[in-house]
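Step one of this worksheet: look at the structure below.
In this note's numbering, the protein residues as written are 417 to 721.
Shown next as structure tokens:
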């Protein structure tokens with residue numbers, strides 16, 4: 417049976433499904449654009465646009481958005497690739513040259529955020545920009561970039577989930593299926609699940625920010641908590657090869673820790689702030705000293721690396 421006949425037969429398994437691109441590239445005349453890189457670029461542009469708008473809303477220069485991007489994006493891409501190679505080292509063992517083939521996919525968001533944050537910290541120091549304020553501005557832009565960038569996995573036919581016959585199942589070509597699922601035609605589109613979750617995270621962060629209830633810098637921590645929740649669910653669905661620890665994908669362990677640490681930081685900082693405000697309300701004679709303590713709590717924890 418030829419490949420075309422095999423694909424035609426496989427697609428009859430489900431009533432409907434999401435097709436995958438036949439190629440990972442978009443051909444524009446003589447120019448071929450890698451879909452993976454294009455989605456990352458579009459995600460970065462969207463993030464810069466949102467950052468620019470949010471800086472303006474705070475009466476700060478919108479040019480800070482481009483400045484943070486110029487420092488943070490290259491560092492973030494390097495950090496994301498390093499994280500992917502470290503957490504999936506078995507795939508590169510004996511063939512370390514593939515570690516530099518970033519166009520084939522393989523970016524770990526956590527490494528990107530960490531190294532990007534460090535680079536943004538340097539920019540803020542040079543630009544005399546308050547770091548906590550900048551992180552509050554940046555926070556919703558990160559999942560916005562992720563929401564768009566995840567579609568790069570669709571072009572590469574990678575990082576999908578378990579086989580399924582749901583109406584929104586994703587078609588995967590035989591050559592891109594794991595051996596043990598070679599006869600399965602459709603799989604959970606985990607890239608789509610995470611993309612939609614990131615959209616919800618963007619909306620939630622914007623809503624929380626408008627409420628003005630959090631200490632400065634804490635919106636960035638809330639991002640980590642919200643993203644980790646969705647990522648844990650997606651990781652549980654994925655079937656691609658991954659380094660495991662005690663039978664679980666290493667990213668499940670990592671994002672479980674990130675979630676717990678984020679929640680702990682949020683609870684500690686916000687509980688202390690609310691408690692300080694309650695003390696002020698009950699003891700007006702100490703208002704001067706307590707007020708200074710409140711301002712210190714509202715400034716949030718130091719998040720300098």
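Glycine included, each C-beta is placed from N, C-alpha and C at the ideal position.
In whole angstroms, what is the alpha-carbon distance linking residue 592 and residue 565? 20 Å
Using the three-state DSSP reduction, which class does residue 598 fall into: helix, strand or coil? coil
Which residues in the same chain as residue 429 place their Cβ atom closer than 7 Å to its Cβ, once the five residues preceding and following it in sequence are excluded? Any reading at residue 429 must be qualified, since the residue scores a pLDDT of 48, below 50, and its modelled position is unreliable; the value itself is stated next. Closer than 7 Å at the Cβ level, and outside the excluded window around residue 429, lie 581, 601 and 602.
Going along the chain, which unbroken runs of the beta strand (DSSP E) with 3 or more residues stay wholly within the region 639-703? none
For residue 610, which of helix, strand or coil comes out of DSSP? helix
Hey, would you say residue 493 sits closer than 8 Å to residue 522, going by beta carbons? no
Does the distance from the CB of residue 437 to the CB of residue 571 come in under 8 Å? yes
So, helix, strand or coil for residue 591, using DSSP? Looking at residue 591 - three-state DSSP - the assignment turns out to be helix.
Just to check my reading of the structure: residue 577 and residue 606 have Cβ atoms closer than 8 Å, yes? What is that Cβ distance to the nearest angstrom? The beta carbons of residue 577 and residue 606 sit about 4 Å from each other, so the pair counts as a contact at 8 Å.
Residue from 451, 651 and 480 with nearest C-alpha to residue 672: 651
Taking DSSP's pairing of strands, which residues face residue 603 in a bridge? 579 and 586
Measuring only the C-alpha atoms, how far is residue 484 from residue 432? 43 Å
Pick out whichever of 507, 503 and 544 has its Cα sitting closest to the Cα of residue 525. Ranking 507, 503 and 544 by Cα distance to residue 525 puts 503 first.
Relative to the alpha-carbon of residue 669, which residue among 679, 608 and 644 has its alpha-carbon at the smallest distance? 644
For the alpha helix (DSSP H) that contains residue 531, what are its first and last residues? 525-542
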